[in-house]
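Asker: Chains A, B and C are the protein sequences, given in the same order. Be aware that the first sequence starts at 1, since it is given in the numbering used here, and climbs by one per residue. Be aware that the second sequence starts at 223, since it is given in the numbering used here, and climbs by one per residue. Be aware that the third sequence starts at 483, since it is given in the numbering used here, and climbs by one per residue. Here it is, the structure in full.
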Amino acid sequence: MLADALLIAGKDLRIELRSKVGLGQMLPFAVLVLVLFGLALDADDALLTRATPGLYWIAVLLAGLLAVQRSFAVEAAPGVTDALRLSGLDPAGYFLGKFAAIAAQLVALEFVLGLGVVILYGTELGGPALLFAALVGATVSIAAAGTLYGVLAAGLRVRDTLVPLLLLPALAPVLLGATRATEAALEGDLGDGWGWCGLLALFGVLYLGLGLLFFGTLLEET
Amino acid sequence: MTTLTPTGSDATRERAGAPVGTGSRATRVLGVLILAGSALGAVLGLVTSDPDVVQGDAVRLFYVHVPVVTVMYVPVGLCCLGSVMWLRKRTDGWDALASSSAEIAAVFVGLGLVTGSLWGEITWGTYWTWDARLTSTALLFLLLLGYLALRRYPAAPDARSKISAVVGILLVPNAIIVHYSVDWWRSLHQPATRGFDWAIDGNQLSTYAVAQVVFLLLLVWLAIHRFRLAWLELQAERRDLEVALVQRAADDDFSGGLGA
Amino acid sequence: MIPEPMIVAYTDVGTVVTGWGITTGVIAAYAWWMVRRGRLLSRSVPPEDRRWS
Chain A
1 MLADALLIAG KDLRIELRSK VGLGQMLPFA VLVLVLFGLA LDADDALLTR
51 ATPGLYWIAV LLAGLLAVQR SFAVEAAPGV TDALRLSGLD PAGYFLGKFA
101 AIAAQLVALE FVLGLGVVIL YGTELGGPAL LFAALVGATV SIAAAGTLYG
151 VLAAGLRVRD TLVPLLLLPA LAPVLLGATR ATEAALEGDL GDGWGWCGLL
201 ALFGVLYLGL GLLFFGTLLE ET
Chain B
223 MTTLTPTGSD ATRERAGAPV GTGSRATRVL GVLILAGSAL GAVLGLVTSD
273 PDVVQGDAVR LFYVHVPVVT VMYVPVGLCC LGSVMWLRKR TDGWDALASS
323 SAEIAAVFVG LGLVTGSLWG EITWGTYWTW DARLTSTALL FLLLLGYLAL
373 RRYPAAPDAR SKISAVVGIL LVPNAIIVHY SVDWWRSLHQ PATRGFDWAI
423 DGNQLSTYAV AQVVFLLLLV WLAIHRFRLA WLELQAERRD LEVALVQRAA
473 DDDFSGGLGA
Chain C
483 MIPEPMIVAY TDVGTVVTGW GITTGVIAAY AWWMVRRGRL LSRSVPPEDR
533 RWS
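See below:
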């Protein structure tokens, strides 16, 4: 299973590195969102500072959506899914591989966006342990849920508006947890932050489990 | 299996007066009960019962709102059940249960939101407040809309049923996680829900009881009809597919001899 | 439990009627749509597939 996962993850990441869609499109998109927020909120520094956790994670979610849809769009070329099925890949390994590739891209996104908010919104970082935990929990959660719902897009021949509608309500708790934890970390008031990280961890583990469980079933329909 | 002739003796029999549609004696009895109960409930709720000591006339909305929000979780559970069972048994009945329940759930959840919002307008002077119940209900509504959108997506019936089944199963854990996380979130700032305890007084109890029973019966009536409708839709789709396949085969036979 | 300034006379009858009206209207329209579509569809499905009534 793990060998298959590494195979798939490697393939996806290599595609990304060669095509540079991630670099050339998703990252700029994410930064663009941050800039647009600045415009929309009238460059009100106080407001932007207070809103930074929320704005940051919304930018991550929106760019993450792109990563998910792209991840399954590369399989949509005719014959690819048949070839994958014929190759006898373990569905669980396939899921983990997809998950890992999306997670890696999310990490890159989060890093760049982190730089973005520091520069654009003047954010002062704090509570590094809590911040790190929140990032890990949110990344795993978004990647796991994204992979699971994303394969639906592959199964239905890539429907751009359906996956966001399915994925985002399911990720609402992740948005809640990530923003509250980030808020706690930045303000230095760590109390509830760890509780929210717990929620993120729970969510991530749950969706990893659900993904491993159902991915095979959904794969048959691609 | 079914025959391919949609017309002919069957249709003649139907037009001769045999029952047509999704009704049955059970639903007709239920329907009468519901209509009678609604009339009674309307009189009690809107006219004869007293305004609440605290809420005033806003309590009259509670007679609609509370039954709706207590009843709305049942079809959500049924959709999950139908989805799980379909994955195991792969029969049309479970598929019809899942899709019909989701639609009913969406209607009730939507009404719950509207009535709750209107109640809030009277009581707090605002149509929306980010309290835990309203927010998680809104997210549940969006989850259901996503499921329904998936259902309507043009695809081979089996693929669609399978994908819908997985999403349908996910509805329940999603709804639960959303509920608890939103609840916790709101409770950190203030009491989680702003709705106050309804100290039922006087003739409010009987009015509420009538309303609750009526909405339960209504749920059953709607669920039965919608289930049968979903079942019919599945059968009709099957027949259309068979007809199309036969058509295709006939065309191929015809043109095959020309050496394509 | 209820903040002081909120204990006023809530008597917005129009909103109550609107609430009841929307609920009744939506449910009635939905029921009507269902029954009608059921009748339409059952014409193209032979009786042996309809296992009720």
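We put the CB at the ideal spot given by N, CA and C, even for glycine.
#1: Mind the definition here: the stretch 292–302 of chain B touches the stretch 509–525 of chain C only if three or more C-beta pairs lie below 8 Å; say whether that holds.
#2: My parser needs the alpha helix (DSSP H) runs of 4 or more residues fully inside the stretch 112–178 of chain A; what are they?
#3: For a quick check, are the C-beta atoms of residue 165 of chain A and residue 371 of chain B less than 8 Å apart?
#4: Can you tell which of B:323, B:455 and B:328 has its C-alpha closest to the C-alpha of residue 387 of chain B?
#5: Taking its Cβ as the centre, do 16 or more other Cβ atoms sit within 10 Å of residue 427 of chain B, making it buried, or is it exposed?
#6: Could you name the residues of chain A that residue 400 of chain B contacts, counting a contact when the two beta carbons are closer than 7 Å?
#7: For the pair the stretch 190–206 of chain A and the stretch 130–141 of chain A, tell me if three or more CB-CB distances fall below 8 Å.
#8: Spatial neighbours of residue 335 of chain B within its chain, please: C-beta separation below 8 Å, excluding the five flanking residues on both sides.
#9: With DSSP run on the structure shown, which of helix, strand or coil describes residue 44 of chain A?
#10: Please confirm whether residue 211 of chain A and residue 167 of chain A have their CB atoms less than 8 Å apart.
#11: Residue 89 of chain A to residue 384 of chain B, Cα distance in whole Å?
#12: Using a Cβ-Cβ cutoff of less than 6 Å, which residues in the same chain neighbour residue 27 of chain A once the five nearest sequence positions on both sides are dropped?
#13: Under the rule that 16 or more other beta-carbon atoms within 10 Å means buried, what is residue 24 of chain A, buried or exposed?
#14: Would you identify the three-state DSSP class for residue 274 of chain B, choosing helix, strand or coil?
#15: Is it true that the CB of residue 173 of chain A sits closer than 8 Å to the CB of residue 199 of chain A?
#16: Tell me where the alpha helix (DSSP H) around residue 294 of chain B begins and ends.
#17: Express the C-alpha separation of residue 106 of chain A and residue 154 of chain A in angstroms, rounding to a whole number.
#18: Got a sec, what are the start and stop residues for the alpha helix (DSSP H) residue 87 of chain A sits in?
#19: So, is residue 408 of chain B buried or exposed, given that buried needs 16 or more other C-beta atoms within 10 angstroms?
#20: Please name the residues in the stretch 342–353 of chain B whose beta-carbon is closer than 8 Å to at least one beta-carbon of chain C, in chain order.
#21: Nearest to residue 59 of chain A by CA position, among A:179, A:144, A:14 and A:91, is which residue?
#22: According to DSSP, is residue 455 of chain B helix, strand or coil?
#23: For residue 217 of chain A, would you say it is in contact with chain B, using Cβ-to-Cβ distances shorter than 8 Å as the test?
#24: Give me the chain B residues within the contact set of residue 520 of chain C, using Cβ-Cβ distance strictly less than 8 Å, ordered along the chain.
#25: So, is residue 99 of chain A buried or exposed, given that buried needs 16 or more other C-beta atoms within 10 angstroms?
#26: What did DSSP end up calling residue 505 of chain C once you bin it into helix, strand or coil?
#27: Output the distance between the C-alpha atoms of residue 268 of chain B and residue 500 of chain C, rounded to the nearest integer angstrom.
#28: Is the stretch 464–477 of chain B close to the stretch 338–349 of chain B, with three or more CB pairs under 8 Å?
#29: Cβ of residue 279 of chain B less than 8 Å from any chain C Cβ?
#30: Under 8 Å between beta-carbons, which chain C residues line up against residue 286 of chain B? List them in chain order, please.
#31: If contact means a Cβ-Cβ distance below 9 Å, which residues of the stretch 175–187 of chain A contact chain B?
#32: Under the rule that 16 or more other beta-carbon atoms within 10 Å means buried, what is residue 509 of chain C, buried or exposed?
#33: Cβ of residue 356 of chain B less than 8 Å from any chain C Cβ?
#34: Going by beta carbon distance, what residues of the same chain come within less than 6 Å of residue 97 of chain A, once the five residues before and after it are set aside?
#35: When you compare only the Cα positions, how much space is there between residue 307 of chain B and residue 14 of chain A?
#36: For residue 374 of chain B, does the count of other Cβ atoms within 10 angstroms reach 16, so buried, or fall short, so exposed?
Answerer: Well, looking at it:
#1: Below 8 Å, too few C-beta pairs join the stretch 292–302 of chain B and the stretch 509–525 of chain C to call them touching: fewer than three.
#2: 128–155, all fully within the stretch 112–178 of chain A.
#3: Along the first sequence, read from residue 1 onward, the residue named residue 165 of chain A stands at position 165. Along the second sequence, read from residue 1 onward, the residue named residue 371 of chain B stands at position 149. With contacts defined by Cβ atoms closer than 8 Å, residue 165 of chain A and residue 371 of chain B form a contacting pair.
#4: The residue you call residue 387 of chain B lines up with position 165 of the second sequence. Just measuring C-alpha positions, the residue of B:323, B:455 and B:328 sitting nearest residue 387 of chain B is B:323.
#5: Indexing the second sequence from 1 puts residue 427 of chain B at position 205. Exposed, because fewer than 16 other Cβ atoms sit within 10 Å of the Cβ of residue 427 of chain B.
#6: As a position in the second sequence, residue 400 of chain B is number 178, starting the count at 1. Under the 7 Å cutoff, chain A gives 172 and 173.
#7: Judged by Cβ distances under 8 Å, the stretch 190–206 of chain A makes contact with the stretch 130–141 of chain A, as three or more pairs qualify.
#8: As a working note, residue 335 of chain B is residue 113 in the second sequence. A distance below 8 Å between beta-carbons, with the five flanking residues on each side excluded, links residue 335 of chain B to the following residues of its chain, in chain order: 356, 359, 360 and 363.
#9: Reading the first sequence from its first residue, position 44 is the one you call residue 44 of chain A. In this structure, residue 44 of chain A counts as coil in the three-state DSSP scheme.
#10: If you number the first sequence from 1, residue 211 of chain A lands on position 211. If you number the first sequence from 1, residue 167 of chain A lands on position 167. For the 8 Å CB-CB criterion, residue 211 of chain A and residue 167 of chain A do not form a contact.
#11: Counted from its first residue, the first sequence places residue 89 of chain A at position 89. Counted from its first residue, the second sequence places residue 384 of chain B at position 162. Roughly 21 Å separates the two Cα atoms.
#12: Mapped onto the first sequence, residue 27 of chain A falls at position 27. Only 112 meet the Cβ criterion.
#13: As a position in the first sequence, residue 24 of chain A is number 24, starting the count at 1. With fewer than 16 other Cβ atoms within 10 Å, it is exposed.
#14: Your numbering for residue 274 of chain B matches position 52 in the second sequence. If DSSP states are grouped into helix, strand and coil, residue 274 of chain B belongs with the strands.
#15: As a position in the first sequence, residue 199 of chain A is number 199, starting the count at 1. As a position in the first sequence, residue 173 of chain A is number 173, starting the count at 1. At the C-beta level, residue 199 of chain A and residue 173 of chain A come within 8 Å of one another.
#16: Within the second sequence, numbered from 1, the residue matching residue 294 of chain B stands at position 72. For residue 294 of chain B, no alpha helix (DSSP H) segment is defined, and its DSSP state is neither H nor E.
#17: Taking the first sequence and counting its residues from 1, the one referred to as residue 154 of chain A is at position 154. Taking the first sequence and counting its residues from 1, the one referred to as residue 106 of chain A is at position 106. Taken atom to atom, the span from the alpha-carbon of residue 154 of chain A to that of residue 106 of chain A is near 20 Å.
#18: The sequence position of residue 87 of chain A within the first sequence is 87, counting from 1. Where residue 87 of chain A is concerned, there is no enclosing alpha helix (DSSP H), given that its DSSP letter is neither H nor E.
#19: Here residue 408 of chain B is taken as the residue at index 186 of the second sequence, counted from 1. Classification of residue 408 of chain B: buried, given that the 10 Å Cβ count is 16 or more.
#20: Here the close residues are 343, 344, 345 and 346.
#21: What you label residue 59 of chain A is simply residue 59 of the first sequence in a count that begins at 1. Residue A:179 is the option with its Cα nearest to residue 59 of chain A.
#22: Reading the second sequence from its first residue, position 233 is the one you call residue 455 of chain B. Here residue 455 of chain B sits in helix by DSSP.
#23: As a first step, residue 217 of chain A must be located in the first sequence, where it is residue number 217. So, interface residue.
#24: The count along the third sequence starts at 1 and reaches residue 520 of chain C at position 38. Correct list: 243, 244, 245, 447, 450, 451 and 454.
#25: Counting from 1 along the first sequence, the entry for residue 99 of chain A is found at position 99. So residue 99 of chain A ends up on the buried side.
#26: Taking the first residue of the third sequence as position 1, residue 505 of chain C is located at position 23. In the structure shown, residue 505 of chain C sits in a helix (DSSP, three-state: H, G or I).
#27: Counted from its first residue, the second sequence places residue 268 of chain B at position 46. Counted from its first residue, the third sequence places residue 500 of chain C at position 18. If I take the Cα positions, the gap works out to 12 Å.
#28: Two segments are said to touch when three or more pairs of C-beta atoms, one from each, lie closer than 8 Å; by this definition the stretch 464–477 of chain B does not touch the stretch 338–349 of chain B.
#29: On the second sequence, residue 279 of chain B is found 57 positions in, with the first residue counted as 1. For residue 279 of chain B, a Cβ of chain C is located within less than 8 Å of the residue's own Cβ.
#30: As a working mapping, residue 286 of chain B is identified with position 64 in the second sequence. Within 8 Å Cβ-Cβ: 501, 502 and 505.
#31: For the stretch 175–187 of chain A, which is checked against every Cβ of chain B, the residues closer than 9 Å are 176, 177 and 180.
#32: Here residue 509 of chain C corresponds to residue number 27 of the third sequence, with the count starting at 1. Buried.
#33: For this step, residue 356 of chain B is matched to residue 134 along the second sequence. Interface with chain C (8 Å Cβ-Cβ cutoff): residue 356 of chain B is excluded.
#34: The residue you call residue 97 of chain A lines up with position 97 of the first sequence. Here the set comprises 5, 8 and 9.
#35: Translated into the one-based positions of the second sequence, residue 307 of chain B becomes position 85. Translated into the one-based positions of the first sequence, residue 14 of chain A becomes position 14. Spanning the two alpha carbons is a distance of roughly 40 Å.
#36: On the second sequence, residue 374 of chain B is found 152 positions in, with the first residue counted as 1. Exposed: under 16 other Cβ atoms inside 10 Å.
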